[in-house]
Amino acid sequence: GANCYIYVLIQIIKLHACSWQWEEVSIMDEKNIPIRTYQVCNVLEPSQNNWLRTDWIPRSGAQRVYVEVKFTLRDCNSLPGVTGTCKETFNLYYHESNEERESYIRESSFIKVDTVAADESFTQVDVGDRIMKLNTEVRDVRVTTRKGFYLAFQDVGACIALVSVRVFYKTCPLTIRNLATFPDTITGADTSSLVEIRGSCVNQSEEREEPKMYCGADGEWLVPIGGCLCNLGYQEKSGACQACPSGFYKARSSEAACSKCPPHSHSLRDGATACECHSGFFRADSDPPSMSCTQPPSAPQQLISAVNETSVVLEWAPPRRLGGRSDTTYSLECLICQTGNSVSQLCLPCGADVLFSPGQTGLKTTKVVVSELRAHTHYTFTVHARNGVSQAGGAGASQSAAVTVTTNQAAPSPVSSIQVTDVTRHSLSLAWQQPDRPNGVILEYEVKFYEKDQKERAYRIMRTFSRGADVAGLSPLTVYVFHVRARTAAGYGDFSAPFEFATNSDPFPLIGEGVNSAFLLLSVSGVGILLLISAAVFIISRRRSKYSKTKQESEEEKHLNPGVKIYVDPFTYEDPDQAIHEFAKEIDVSSIHIERVIGMGEFGEVCSGRLRVQGKREIYVAIKSLKAGYSDKQRRDFLSEASIMGQFDHPNIIRLEGVVTRCKPLMIITEYMENGSLDAFLRKHDGQFTVIQLVGMLRGIASGMKYLSDMSYVHRDLAARNILVNSNLVCKVSDFGLSRVLEDDPEAAYTTRIPIRWTAPEAIAYRKFTTASDVWSYGIVMWEVVSYGERPYWDMNNQDVIKAMEEGYRLPAPMDCPLVLHQLMLDCWERERAERPTFSQILNMLDKLIRNPGTLRRTGGDRYALVPQVCVPEWSVCLWLQSVGLERYRDTLTAAGYTSLESLLTLTHHEMDRLGILTASHQDIITASLQQEMLSQMQHMQHTMVPV
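Structure follows, in structure tokens:
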């Protein structure tokens, strides 16, 4: 640090002795140079109180000053006869004041700084030998309340000479750090204080992050934060920003140094931000400045054609010169040319009915099939080669090759439609229009027809020269299928699409005259079908079990309640911006302050920061951004998640704050969840929560999922990694993107995009995603939570997991997992969707557990293997449970002491609640079955009683 001297005594300014026994004396130092001192040596007289005061010393902005005193002191032992009166110390005082000329200051107004003692003292011998034993002592004084201060020296009986007194304060000197200038800064008032100073960027630079440093009490700069970056066209050298020399450029502030101009470009002036292309070379708007300048391609080579009736196959070789780029594409221009009497030709663009395969523009391939052309027609095809700089190169930059062909004779196109003009019991009259492209003179039409039930096993053909036909000899009340095709000199064209028409029936017979057999057959068949449907509905309704009745009631309640909000799929909107503006609030980007990057998402960076909306308090938020260079599909997919989140408003669903769509980058702003994803959070705090806390987390997730299911929204990707946790341990459902992936990718069911370990069997096999499949996933989430983020199915691969589920295996209870929680997991993993609980039922069960924590005490021990549960004949309770489909409660009842059917007869609903059998339908099945068992036993006893 730097020391700023604000007062030097003795040599420069005289002290005010104030006639207090101090004397100003000139002495010779060890080099025989005269110096002025203030001395006092009244050691023979007791009770000395001799004061020496300075003039007023301005503080000059200092908050702590340092006083350096150089002095000599006589050893009392070398002075005879002064025992008890001689001292070897003196006192240093100070007094703060705003007045420069304070003539009299009371002793009591001074504040003592310290008692100063000498490290070395001299004797009479030293004086004879002229050995000066000089002492130097430094004391610091805090001065902050007045403009200046006075110093005073009190002698209490010493033989002392003040040689020099200097008063100074410390500063952190002017410095440049990270391209920011920090000025001279006076240190703080305390020895441990740090003074925060904001730096200013040097010339030709801008802030990267607010530059700060702290000035320490010893005058050293500490803890540099942030800094500046040189502007475009400038680079850092020796702590300053210097312009890039000619031939170099700098296009981004984040780049440290200037770069040499890429090939075929140059910069003629200092400070260039980009290099200009040489003549004949160009740079596309999307090309980075570091890319070399390129040229448009030359014309395609070796263009050849092959005519096949009204189709043409065009093939060509790539241009000889691609211009240094890899984005060459091809486009075709099609013209119909008519040759007249004159040499000139009249050429018109081909119609929209001409087909190009694989396309007409933006082609990467060098082969195109052109079909649906007219017969006997002259066509000119031009193939253009373009790349990213063709447009920049001007009109002459598009190079092309052309070929002229003449199509051959071709068969007519199919007839587009057939109408019926008359219908009788045994005939139909048909009419149709000429094919859209006859490709010559139509010579005749061919009609093929057959009964619909016979398909094409037995068909008939008739021919006609007109655009209509009367088809006779048909059966009454019969549906026939008709196809028509045309013939020219080139042959028959393709048959038309099938058209179905039916003949009339015979008149309805009088009573007693009999009934038409076909009519009777149809009537009987219809009645039979209705009976079969009724029987099927009755059987299905009777076979509904467990949760189906409750689920139906909840669905009916939802549909009967018109106030329930229903989720709207944003992909149903033709314009994605309409959906985003309907469901999400636009946020001004100036109200967002990004602080740090916390991760990478599918579309770009995920940051944390603060959002300050006018009239509201500042909140912490998470910010997802869409990386540069995105496609229209990526933009739509990115904003669709916000359109989905914007429809939800629930304390256990991640809250959307808004979006930024009117400037780049596009952003989605959500609430900030301090503890991140649930799986990572649980792994970090393994074993640190009580069971009630874990159940509370599960209850929050279930509440959020019930809200989503009530809105008819299916999540499809419910997993602990997609649950976020805030600082209050509130769990919130997030990540609403998988539904988009599965809808866009028809093969997604057979790829790794589906989270197999969390997905229900019917969703894996048949893509049947419903709220019931979300319930299955919720059961896996329960297992993840209780096992503190362990991976479901451990190290099994996906195929092994699918096979295990198909064979009836289910995840065992994690270590110390309450039996009632594992039982609820098993309920969620029922193979039949209708037998799984709804989220409303799950929520009620968890609330019941929280109200009765005693049910959470019983655990499943160390059962930690994927094995099916089986019964042996000796276990009557197990066999009975298996007969009623509730063998899952075998261990629960056995562990509670219910080892026989007689003991089960005492089982009550309250006891079942305590044991964790919480599902109402399961309790009803057990109670009804026990009652039936009791009745059977009573009847057996009556039959075996012997009368006396």
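The numbering of the sequence shown is full-length UniProt numbering, which starts it at 1 and goes up by one.
Glycine residues also receive a C-beta, built at the ideal position from the N, C-alpha and C atoms.
- Residues Leu718 and Trp758 of the same chain have their beta carbon placed closer than 6 Å to that of Ser777, with the five preceding and five following residues left out of the count.
- Residue pairing by DSSP places Arg74 opposite Phe122 in a beta bridge.
- Scanning its chain for C-beta atoms nearer than 6 Å, with the 5 sequence neighbours on each side dropped, one finds around Ser200 the residues Thr181, in chain order.
- Spanning the alpha carbons of Asp588 and Val660 requires a straight line of approximately 7 Å.
- Excluding its 5 nearest sequence neighbours in each direction, Pro412 has C-beta neighbours in its own chain below 6 Å: Pro435, Pro438, Asn439, Ala486, Thr488 and Gly493, listed in chain order.
- Between Lys565 and Gly658, the C-beta gap is not smaller than 9 Å, which leaves the two residues out of contact.
- Around the CB of Lys455, fewer than 16 other CB atoms lie within 10 Å, so the residue is classed as exposed.
- The residue among Val313, Tyr788, Cys607 and Lys633 with its C-alpha nearest the C-alpha of Val621 is Cys607.
- The stretch 171-179 makes contact with the stretch 202-212, as at least three CB pairs between them are under 8 Å.
- Residues Asp717 and Ala719 of the same chain have their beta carbon placed closer than 7 Å to that of Pro755, with the five preceding and five following residues left out of the count.
- Taking a 10 Å sphere around the C-beta of Ser625, we find 16 or more other C-beta atoms and assign the residue as buried.
- Secondary-structure assignment with DSSP links Asp140 through a beta bridge to Tyr66.
- When secondary structure is reduced to three states using DSSP, Gln399 falls in the strand class.
- Within 10 angstroms of the beta-carbon of Trp829 lie 16 or more other beta-carbons, which makes it buried.
- Bridge partners of Val725 according to DSSP: Cys731.
- Distance from the CA atom of Leu915 to the CA atom of Leu724, rounded to whole angstroms, is 32 Å.
- Between the stretch 775-791 and the stretch 825-840, the count of Cβ pairs shorter than 8 Å is three or higher; the stretches touch.
- Thr171 counts as buried, since at least 16 other C-beta atoms from the protein chains shown sit within 10 angstroms of its C-beta.
- The three-state reading of DSSP puts Glu451 in strand, counting E and B together.
- Trp758 is bridged by DSSP to nothing; it lacks a bridge partner.
- Ranked by how close their Cα comes to the Cα of Gly629, the residues Pro288, Asn42 and Asp140 have Pro288 in first place.
- By alpha-carbon distance to Asp190, the top candidate from Leu886, Tyr169 and Asp184 is Tyr169.
- When secondary structure is reduced to three states using DSSP, Thr89 falls in the strand class.
- Annotation for Asp575: no residue places its beta carbon closer than 7 Å to its own, counting only its chain and skipping 5 residues before and after.
- Selection Cys334, Arg74 and Arg321 evaluated against Leu314 yields Cys334 as nearest (Cα-Cα).
- The alpha carbon of Ile33 has as its nearest neighbour, out of Ala402, Leu698, Ser496 and Val163, the alpha carbon of Val163.
- Excluding its 5 nearest sequence neighbours in each direction, Met28 has C-beta neighbours in its own chain below 7 Å: Pro34, listed in chain order.
- In this structure Ser331 touches Leu363 by the C-beta definition: roughly 7 Å separates them, less than 8 Å.
- Within the same chain, and ignoring the five residues on either side of Arg831 in sequence, the residues whose Cβ sits closer than 7 Å to its Cβ are Pro761.
- Taking the C-beta atoms as reference points, His378 is found nearer than 9 Å to Cys337.
- Collapsing the DSSP output to three states places Gly226 in a strand.
- Tyr66 sits close to Val167, with the two beta carbons spaced by under 9 Å.
- Counting along the chain, the unbroken beta strand (DSSP E) around Gly609 starts and ends at Glu605 to Leu611.
- Spanning the alpha carbons of Ser773 and Cys228 requires a straight line of approximately 53 Å.
- The continuous beta strand (DSSP E) containing Met213 extends over residues Ser205 to Cys215.
- For Tyr778, the enclosing alpha helix (DSSP H) stretches over residues Thr771 to Val786.
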